[in-house]
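Colleague: Take this structure, written in structure tokens, and hold onto it; I'll ask about it next.
In our numbering, the protein residues as written are 21 to 176.
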């Protein structure tokens, strides 16, 4: 079966940066519903029409992946306004004018924490290498929900 809209695809994958440094070793297969915006559009386009055993390598520029780094998403907050025990590396959920988002604590100094709302891979070019390990027709439930179910997919 060829990958097309409304097929559930399982990929064995890894992600590196252009200097061949490992970003994500893909320890678990990636399962997604093709045509439902479940993966990066450039990668999905490269996989269209492929079958089990086919391999694809796609370079994703920041705008094709997690976006450019945005300095305006970095802010400083008094520690007294944050949960007790905040440490560098922690992620906090914040609510702002654009809804709920995740902020990473990148620095703590002088009673303040620097919070970064960028995705950790914002501004990074990624090289996504994958091999198709399974392609199947999506179930009616998967189509209704807009994502793959079962192992590696979304669980309800």
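Backbone N, C-alpha and C define an ideal beta-carbon position, used for all residues, glycine too.
Which residue from 137, 29, 74, 149 puts its Cα closest to that of residue 42?
Modeller: 149
Colleague: Note down the Cα distance separating residue 51 from residue 76, rounded to an integer number of angstroms.
Modeller: C-alpha separation (whole angstroms): 15 Å.
Colleague: State the Cα-Cα distance for the pair residue 45 and residue 72, rounded to the nearest angstrom.
Modeller: 20 Å
Colleague: Quick check on the DSSP output: what are the complete beta strand (DSSP E) runs of length 3 or more inside the region 65–111, in order along the chain?
Modeller: 75–80, 94–98
Colleague: Excluding five sequence neighbours on each side, which residues of the same chain lie with their C-beta closer than 6 Å to the C-beta of residue 176?
Modeller: Reliability fails at residue 176, whose pLDDT of 45 lies under 50, so the model's placement of it is uncertain and the value that follows must be treated cautiously. The answer is none, since no qualifying residue turns up.
Colleague: For residue 164, which of helix, strand or coil comes out of DSSP?
Modeller: Residue 164 falls in the helix class under three-state DSSP.
Colleague: Residue 62 and residue 84 - do their beta-carbons sit closer together than 8 Å?
Modeller: yes
Colleague: Going by alpha carbons, who is nearest to residue 144 out of 49, 30, 57, 90?
Modeller: Cα-wise, what sits closest to residue 144 is 90.
Colleague: Looking at the structure shown, is residue 141 part of a helix, part of a strand, or coil, going by DSSP?
Modeller: If DSSP states are grouped into helix, strand and coil, residue 141 belongs with coil.
Colleague: Measuring CB to CB, does residue 96 end up less than 8 Å from residue 48?
Modeller: no
Colleague: Between residue 168 and residue 158, what straight-line distance do the alpha-carbon atoms span, to the nearest angstrom?
Modeller: 7 Å
Colleague: Compute the Euclidean distance between the alpha carbons of residue 92 and residue 78, then round it to the nearest angstrom.
Modeller: 29 Å
Colleague: From the DSSP output, in three-state form, read off residue 62 for me.
Modeller: Residue state, collapsed to three classes: helix.
Colleague: For residue 136 and residue 111, I'd like the C-alpha separation in whole angstroms.
Modeller: 9 Å
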